[in-house]
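Chemist:
Numbering (the working numbering), first residue to last: 2 to 164.
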């Protein structure tokens, strides 16, 4: 995980990621260009091995169709697999499940839900600064905010667990 080039940007990002104030260290590291997806997967495997639990197989990568224009002018469909966003969405879904559990312990009080929605809207605003890169997360957060406002807590929990 230690950056090979010891770039000061990477070092600062790591310091920020390991700070107790950081809500999402993975996103902080990814924003600085440090990808720890493999290390996280390895850690999950170790924890599963120690605890004796079997890991769920990750969902198949989403297929993204793209149109390729051939030299002859014909259009050909090709399929690409996008797995990086799926992992990021699962990590975020776990974080959001934690927030939902906190709301559950607060008996879904109006004040607690409003504070949660406000915090999630702030996160959403930050994500909207770079919408092309954060499209999946924007959709996730928008769905969560909508379901919280509607009071559909069970539906929200099911949605997040299925990611």
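Using N, Cα and C, we set each Cβ at its ideal position, and we do this for glycine too.
Note that the structure is predicted; figures quoted are calculated from it, not measured.
What would DSSP say about residue 150, mapped onto helix, strand or coil?
Modeler: Helix at residue 150.
Chemist: Here's a check: name, in chain order, each residue in its chain whose Cβ is nearer than 7 Å to the Cβ of residue 124, leaving out the five neighbours to either side.
Modeler: 142
Chemist: Nearest to residue 134 by CA position, among 31, 144 and 11, is which residue?
Modeler: 31
Chemist: Find the nearest neighbour of residue 45 within the set 88, 147 and 97, judged by alpha-carbon distance.
Modeler: 88
Chemist: Hey, how far is the Cα of residue 100 from the Cα of residue 117?
Modeler: 8 Å
Chemist: Taking the Cβ atom as the reference point for each residue, do residue 29 and residue 14 lie within a distance shorter than 8 Å?
Modeler: Yes, the Cβ-Cβ distance between residue 29 and residue 14 is below 8 Å.
Chemist: Under a three-way DSSP split, which group does residue 132 fall into?
Modeler: Three-state DSSP puts residue 132 in coil, outside helix and strand.
Chemist: Checking 8 Å against the spacing of the C-beta atoms, do residue 49 and residue 164 come in under that value?
Modeler: Their beta carbons are not under 8 Å apart, which means residue 49 does not touch residue 164 by this criterion.
Chemist: Where does residue 64 sit, in a helix, a strand or coil, going by DSSP?
Modeler: Note on residue 64: pLDDT 42, under 50, position unreliable in the model; no value is reported.
Chemist: With distances taken between CB atoms, is the gap from residue 122 to residue 146 smaller than 8 Å?
Modeler: yes
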